[in-house]
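Trainee: This structure is in structure tokens; I'll ask about it shortly.
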Amino acid sequence: MRHGEPGMTESDLIAFADGRLGDAEHKAVADYLTAHPDEAQKVELWRQQNAALQALYGAVPKEPLPTRLDVHAIDRRLREERTAWRNFAAAAVVILAVGMTGGWFGRGLLISGPAASDPLVAEATQAHRLYASEVIHPVEVRAGEAPQLKTWLSKRLDRPLAIPDLTAEGFSLVGGRLLPSADGPAAQLMYQDESGQRVTLYIVPSRDEQETAIRWTSMKAGAGGLQALFWNDETIRCALIGDLPKDRMQVLANASYKQLS
Amino acid sequence: MPDFLDEIAGCVPGLRRYAHALTHDRDVADDLVQDCLERAIRKKGLWRPQGPLRPWLTRVLLNIYRNNLRDRRRRPVAVPIEDVAGELSVPAAQGGRLALAEMARAIDQLSPEQREALLLVVVEGMSYSEAADVLGIPLGTLMSRLGRARAALSRLTEGDEPKLRVIK
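Residue numbers (my numbering), protein chains in the order written: chain A, 18 to 278; chain B, 27 to 194.
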């Protein structure tokens, strides 16, 4: 708030109408409004808007919660479905349970296997090979412009995208670029550690995708020993590519997954 | 993880209220909440979010809502005022109030971004920083969005003088 100045910011007035100001600020705005009837009228209208919205939508339904919204019932049902799936999966494919210390996928949900045929991984790997070794123009938009990068990529992929921060894992953002993919525009984010080791996170839009656990695949030696961790989220599919040891890749994928959801 | 489930259960009434405000339809709202709960519970095996669950759940709900909107390419369905009026819970304010039917129609005319933001603050009573967090936008962006929503609502409810005057 700009004390002593003739004008209040609109945010001050909105916060006043919403009753979100402290006593001193509230009084300052109230005094200001007394002196400015036009503004006072506007604020009064906003308060009436609030009252109307609260009257329309403020009530929580009084009748008992429908069973379909009972979280314990949902949990039981999902657990049964999961058990059924596991039994099937155990018979059909080889699941390699990888224990992680206290991690969120320490329950055998990390699946590894010969899944490199996934086109997402193929695209992501190609893009990684092309740009990770690039010295002069590894990215289109540098990390210094991270807010623009986020806005731009979110717009082009038509969904809100977070740019994961992996500094706690020892990797800083180099930047990102937009790429063509089979599913439309794809985003590639590049990170590097202090030694210059680079990993890329490849993100393509998806619709109504079933969420999956993080899966892992590793290329044959001829492909440069790259590792890929990939997963589907609600509106995006992601692949993390790099040639780090698998446990470090897992930590990075874990952090990316959390921040992208 | 009983605590996690109980914590989610505690958020259900608020989620239903917000979903209803977004969709104007109790059944559609409950569908939305059910989807949201299933996703949240499915995720818990993978990841336990840090901090309070309500902002995260609201974010999940909004993502589903936006996806549905995008898929169906349609605006929320307007409900006849009689249906809405039957659910009114708060007695009309003494000083004067806006005609509720007009408000119900006006809120439908807002852009989805403005509607989401305004309802989080006014109906859900979230603080500005909580709402900005849920929407994944900076505080300044939230405030200007709220400002634009206010202006649009004022315009929409003023355009129609006879019906839309403040009722004394």
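Glycine included, every Cβ here is placed at the ideal spot set by N, Cα and C.
(1) Quick check for students: name the residue ranges of the alpha helix (DSSP H) that lie wholly in the segment 38–87 of chain B, counting only runs of 4 or more.
(2) Could you give the first and the last residue of the continuous alpha helix (DSSP H) run that contains B/Pro-138?
(3) Need the endpoints of the alpha helix (DSSP H) that A/Val-268 sits in, please.
(4) In its own chain, which residues sit with a C-beta less than 6 Å from the C-beta of B/Leu-179, not counting the 5 before and 5 after it?
(5) Out of curiosity, what's the CA-to-CA distance linking B/Ala-177 and A/Ala-230?
(6) Taking Cβ to Cβ, would you say A/Ser-260 is nearer than 9 Å to A/Leu-246?
(7) Distance, Cα to Cα, A/Lys-59 vs B/Asp-51?
(8) Could you check if A/Glu-98 is buried or exposed, using at least 16 other CB atoms within 10 Å of its CB as the buried criterion?
(9) Distance check for B/Asp-32 and A/His-89, CA to CA, integer angstroms please.
(10) Within 9 Å (strictly less), CB to CB, does A/Lys-265 reach chain B?
(11) In chain order, which alpha helix (DSSP H) runs of at least 4 residues are fully inside the segment 152–223 of chain A?
(12) Can a CB atom of chain B be found closer than 9 Å to the CB of A/Thr-252?
(13) Along chain B, which residues have their Cβ under 7 Å away from the Cβ of A/Ser-28?
(14) Using the rule of at least 16 other Cβ atoms within 10 Å of the residue's Cβ for burial, across every protein chain shown, is A/Pro-164 buried or exposed?
(15) Looking at C-beta atoms only, is the number of pairs between the segment 153–161 of chain A and the segment 185–192 of chain A that lie closer than 8 Å three or more?
(16) Could you check where the alpha helix (DSSP H) with A/Ile-31 kicks off and where it finishes?
(17) So does the segment 61–74 of chain A actually touch the segment 143–151 of chain B, counting three or more Cβ pairs closer than 8 Å?
(18) Taking C-beta to C-beta, are A/Val-216 and A/Leu-269 nearer than 9 Å?
(19) Give the straight-line distance between the Cα atoms of B/Gln-257 and A/Arg-173, rounded to the nearest whole angstrom.
(20) Looking at the structure shown, is A/Leu-257 part of a helix, part of a strand, or coil, going by DSSP?
(21) For B/Ser-153, decide whether its Cβ has a neighbour in chain A, counting only Cβ atoms nearer than 9 Å.
(22) Please list the residues of the segment 56–85 of chain A that have a C-beta atom closer than 8 Å to any C-beta atom in chain B, keeping them in chain order.
(23) Looking at the unbroken alpha helix (DSSP H) that takes in B/Ala-158, where does it start and where does it end?
(24) Looking only at its own chain, which residues have a Cβ that is under 6 Å from the Cβ of A/Leu-30, when we skip the five neighbours before and after it?
(25) Applying a beta-carbon distance threshold of less than 8 Å, which residues of chain D neighbour B/Gly-162?
(26) Would you tell me roughly how many angstroms separate the C-alpha atoms of B/Val-86 and A/Gln-214, rounded to the nearest one?
(27) Please list the partners that A/Glu-228 has in chain B, where partner means a Cβ-to-Cβ separation under 9 Å.
(28) Span of the alpha helix (DSSP H) holding A/Leu-147?
(29) Below 9 Å between beta carbons: does that hold for B/Thr-49 and A/Gln-66?
(30) In the DSSP assignment, what are the bridge partners of A/Asn-249?
(31) Rounded to a whole number of angstroms, what is the C-alpha to C-alpha distance between A/Ala-185 and A/Leu-206?
(32) Using a 10 Å radius around the Cβ and a threshold of 16 neighbouring Cβ atoms, would you call B/Ala-130 buried or exposed?
(33) According to DSSP, simplified to helix, strand and coil, what is A/Gly-24?
(34) How would you label A/Ala-32, buried or exposed, when you count the other beta carbons within 10 angstroms and need 16 or more for buried?
(35) Does the distance from the C-beta atom of A/Asp-175 to that of A/Gln-276 stay below 9 Å?
Mentor: The relevant details are as follows:
(1) 52–70
(2) 138–148
(3) 263–277
(4) Ala-132
(5) 45 Å
(6) Looking at the sequence shown, residue 260 of chain A is not Ser but Asp. In this structure, A/Leu-246 does not lie closer than 9 Å to A/Asp-260 by Cβ.
(7) 30 Å
(8) exposed
(9) 8 Å
(10) Residue 265 of chain A is actually Arg in this sequence, not Lys. So no, A/Arg-265 is outside the interface.
(11) 163–174
(12) yes
(13) Met-169
(14) exposed
(15) yes
(16) 27–34
(17) yes
(18) yes
(19) Lying before the first or after the last residue shown, residue 257 of chain B is absent from chain B, which here runs from 27 to 194.
(20) strand
(21) yes
(22) Lys-59, Leu-62, Trp-63, Gln-65, Gln-66, Asn-67, Ala-68, Ala-69, Leu-70, Gln-71, Ala-72, Leu-73, Tyr-74, Gly-75, Ala-76, Val-77, Pro-78, Leu-82, Pro-83, Arg-85
(23) 154–161
(24) Val-60
(25) This model lacks chain D altogether; the protein chains it does include are A and B.
(26) 34 Å
(27) Arg-65, Arg-68, Lys-69, Leu-72
(28) 136–149
(29) no
(30) A/Arg-254
(31) 17 Å
(32) buried
(33) coil
(34) buried
(35) no
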